[in-house]
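Okay, so the sequence shown: first residue is 6 according to this note's numbering, each after it adds one. Every residue, glycine too, gets a C-beta built ideally from N, C-alpha and C. Report on one structure; see the data block that follows.
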Amino acid sequence: MALLTATDLFNMRVSLGAQLNAGQITNEALLAHLIISDKASDRKGEMINGMNYYAVNQEIKNKKREYVVEGKKITDALASNHKLAHGFHKIIVDQKVGYIAGKPIQITAKDPKNAEQIKFQTETEDAVGDQFNDTMATWIKGTSNKGEEFLHPFINSDGDFDYITVGAEQCIPIYDSRYNKQMVSMIRYYNVEKINEKGIGETLIAVEWWDEMQVTFYIEQKPNTGTNRTSKTTFILDMSESNLGNPRPHFFKGNTNEPDEPGEAGSWERVPFVRLLNNDEGYSDLRYYKSLIDSYDFVESDLIDKIEDIADAIWKITGIEGDTPSELRKNLKEFKILLLPEDADATSETLEIPIEAVDKSLDRLCDDIFLFAMAVNIKTEKLGTSVSGVALKVLYTLLDLKANVLISKCKLALRDFLYFVAFWIKLMGGDEFDYKTLVFTFDKSIIINEQEKIQNLAISGRIISEQTKTEEHPYAKANEAERLEAEKGEFEDEFNVDEGDE
Numbered sequence: 006m007a008l009l010t011a012t013d014l015f016n017m018r019v020s021l022g023a024q025l026n027a028g029q030i031t032n033e034a035l036l037a038h039l040i041i042s043d044k045a046s047d048r049k050g051e052m053i054n055g056m057n058y059y060a061v062n063q064e065i066k067n068k069k070r071e072y073v074v075e076g077k078k079i080t081d082a083l084a085s086n087h088k089l090a091h092g093f094h095k096i097i098v099d100q101k102v103g104y105i106a107g108k109p110i111q112i113t114a115k116d117p118k119n120a121e122q123i124k125f126q127t128e129t130e131d132a133v134g135d136q137f138n139d140t141m142a143t144w145i146k147g148t149s150n151k152g153e154e155f156l157h158p159f160i161n162s163d164g165d166f167d168y169i170t171v172g173a174e175q176c177i178p179i180y181d182s183r184y185n186k187q188m189v190s191m192i193r194y195y196n197v198e199k200i201n202e203k204g205i206g207e208t209l210i211a212v213e214w215w216d217e218m219q220v221t222f223y224i225e226q227k228p229n230t231g232t233n234r235t236s237k238t239t240f241i242l243d244m245s246e247s248n249l250g251n252p253r254p255h256f257f258k259g260n261t262n263e264p265d266e267p268g269e270a271g272s273w274e275r276v277p278f279v280r281l282l283n284n285d286e287g288y289s290d291l292r293y294y295k296s297l298i299d300s301y302d303f304v305e306s307d308l309i310d311k312i313e314d315i316a317d318a319i320w321k322i323t324g325i326e327g328d329t330p331s332e333l334r335k336n337l338k339e340f341k342i343l344l345l346p347e348d349a350d351a352t353s354e355t356l357e358i359p360i361e362a363v364d365k366s367l368d369r370l371c372d373d374i375f376l377f378a379m380a381v382n383i384k385t386e387k388l389g390t391s392v393s394g395v396a397l398k399v400l401y402t403l404l405d406l407k408a409n410v411l412i413s414k415c416k417l418a419l420r421d422f423l424y425f426v427a428f429w430i431k432l433m434g435g436d437e438f439d440y441k442t443l444v445f446t447f448d449k450s451i452i453i454n455e456q457e458k459i460q461n462l463a464i465s466g467r468i469i470s471e472q473t474k475t476e477e478h479p480y481a482k483a484n485e486a487e488r489l490e491a492e493k494g495e496f497e498d499e500f501n502v503d504e505g506d507e
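So this is what it looks like as structure tokens:
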């Protein structure tokens, strides 16, 4: 996947400047070129497809029934035209999200005996708050749909550390030219509703251009209607953002909206966006099976069309002059009758629908969709009534492989996210922590044969410790061993008290 670098941006300025005979081109003119090109790119088109298919807004919605007359295609307004969209993609993405982030993600110190790391762990858990797991699920869903997604840390209006996911479809990240790893700036664009000078609402593109120290806000300028009318998209500095300066620092310590006093402004010293890739290539999940879903939708929709239109047999008509085939067909479709002169004749040939062949085709397509999606097909006949632990592991093999790739990407992205957490803790007067000293543990939500696992634990004897047996037991909750130890202590205390009374 090609990345946009600082060198690319410089070359673009020079090239556009030469085309416009303007020398060094302005940021405003460069933005117009970047955003128009980005919106029209194949990559953004793939992102939109991912979001649409997750919402079950699929290619089948554009299906038409047509016939050819004298070499011209004509839309058949009388034919049945079912557009059955099947939500395979949503099932596949939700399954992956639930598998990876369905259970709480644990934040722990690399060295559980290191007091400083334990303190950083506690303060990090406080900083990220209860929203962490929910945001992680949203982040993973976004990158699965689009191939990448961004997390944006900020200081909210209450002065607390906060963060949100930002859709990759809104973002143009720019990286260092040497290694293509360090983000040096981020252009984020999105639609906003504004009231113009005439009091009329209009949709404009708002732009945020972030670098390592500041952010600049721009707004789209609509073409003028006078003699100097321009036809191209242009941008100007957004004056509605000027009350705190434009450009301005990333944040104001204690409050994002109004600095308490001069000198409170600050910056993260990094571009405050963390990128999560879905895979090495940055491809969406949908890329690998979109055509299969489209085929499934078409075959199923076409089958229902044929069943509904089965009364519309093929008619062989002789002895009629004047009426065109389209007029005859219209009479049949609307009135179910044919008016024939005495010397005319009409015979029908009913079409046979190959239901069995269609069913086999749909079954194969369904299997292929889950195969190339690396997902679990949960059809009852596929699972059976009682599945062993080994069979379940085999069933989950592809999903597990896919999930492991994304979990690895998540851990790297979360390490970058911890930089901002550690920065904020220090900013608030706390300790200076090494943000690389925490680790994230994902507890994947795999289905198991509980009875089989309990039996295996029971017969394992002293091969494994009692604590391991407790931790691995399917009914055990987090910190089960500690609770058992506490209950044991309470029982012994009660027993000792009873003995003393005697």
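Based on the DSSP output, what are the partners of residue i in its beta bridges?
| i | result |
| --- | --- |
| Leu366 | Looking at the sequence shown, residue 366 is not Leu but Ser. Note: Ser366 sits in no beta bridge, so no partner. |
| Ser190 | Ile179 |
| His255 | Answer is none; His255 lacks a bridge partner. |
| Trp273 | Note: Trp273 sits in no beta bridge, so no partner. |
| Arg520 | Only positions 6 to 507 of the chain appear in this structure, which leaves residue 520 out of reach. |
| Pro158 | Tyr168 |
| Trp4 | One cannot answer for residue 4 here, as it falls past the ends of the chain, which runs 6 to 507. |
| Thr239 | Gln226 |
| Asn196 | Ile210 |
| Pro9 | Looking at the sequence provided, one finds Leu at residue 9 rather than Pro. Note: Leu9 sits in a beta bridge opposite Ile179. |
| Glu153 | Leu282 |
| Asp114 | For the sequence presented, residue 114 should be read as Ala rather than Asp. Looking at the DSSP assignment, Ala114 forms a beta bridge with Leu443. |
Residue j and residue i - do their beta-carbons sit closer together than 8 Å?
| i | j | result |
| --- | --- | --- |
| Ala408 | Lys449 | yes |
| Glu217 | Phe240 | no |
| Gln126 | Thr140 | no |
| Cys371 | Tyr301 | yes |
| Leu443 | Thr129 | yes |
| Asn201 | Ile210 | no |
| Lys95 | Tyr59 | yes |
| Tyr254 | Gln219 | Per the sequence shown, the amino acid found at residue 254 is Pro instead of Tyr. Contact: yes. |
| Trp215 | Val276 | yes |
| Asp314 | Ala84 | yes |
| Lys66 | Ala82 | no |
| Leu397 | Ile192 | no |
| Ile53 | Phe447 | no |
| Ile451 | Ile374 | no |
| Ile358 | Ile312 | yes |
| Val363 | Leu423 | no |
| Phe445 | Lys416 | yes |
| Met188 | Tyr194 | no |
| Ser149 | Asp285 | no |
| Arg48 | Leu35 | no |
| Phe256 | Ile169 | no |
| Ile430 | Asp436 | yes |
| Tyr223 | Glu64 | no |
| Lys203 | Leu432 | no |
| Trp273 | Phe428 | yes |
I believe residue i touches residue j by the beta-carbon criterion, under 8 Å. Please report the beta-carbon distance rounded to the nearest angstrom.
| i | j | result |
| --- | --- | --- |
| Gly55 | Lys151 | 5 Å |
| Gly287 | Glu153 | 5 Å |
| Phe155 | Val74 | Incorrect: roughly 52 Å between the Cβ atoms, too far for contact. |
| Phe438 | Pro158 | Rounded, the Cβ-Cβ distance is 16 Å, inconsistent with contact. |
| Val381 | Leu400 | 6 Å |
| Lys227 | Glu198 | Not a contact, Cβ separation roughly 13 Å. |
| Lys88 | Lys68 | 5 Å |
| Leu8 | Asn185 | 5 Å |
| Asp310 | Asn86 | 7 Å |
| Ala508 | Ile97 | Any question about residue 508 goes unanswered here, given that the chain covers just 6 to 507. |
| Ser190 | Thr12 | Incorrect: roughly 13 Å between the Cβ atoms, too far for contact. |
| Ala132 | Phe166 | 5 Å |
- request: Would you be able to state if there are at least three C-beta pairs under 8 Å between the segment 72 to 79 and the segment 166 to 174?
  value: Flag = no, the segment 166 to 174 and the segment 72 to 79 do not touch.
task: List in chain order: all unbroken alpha helix (DSSP H) runs of 4+ residues lying wholly within the segment 26 to 112.
output: Listed in chain order, they are 32 to 44, 47 to 59, 93 to 106.
- request: Could you say if the segment 396 to 416 and the segment 98 to 113 meet the contact criterion of at least three C-beta pairs nearer than 8 Å?
  value: The answer is yes - the segment 98 to 113 touches the segment 396 to 416, with three or more Cβ pairs under 8 Å.
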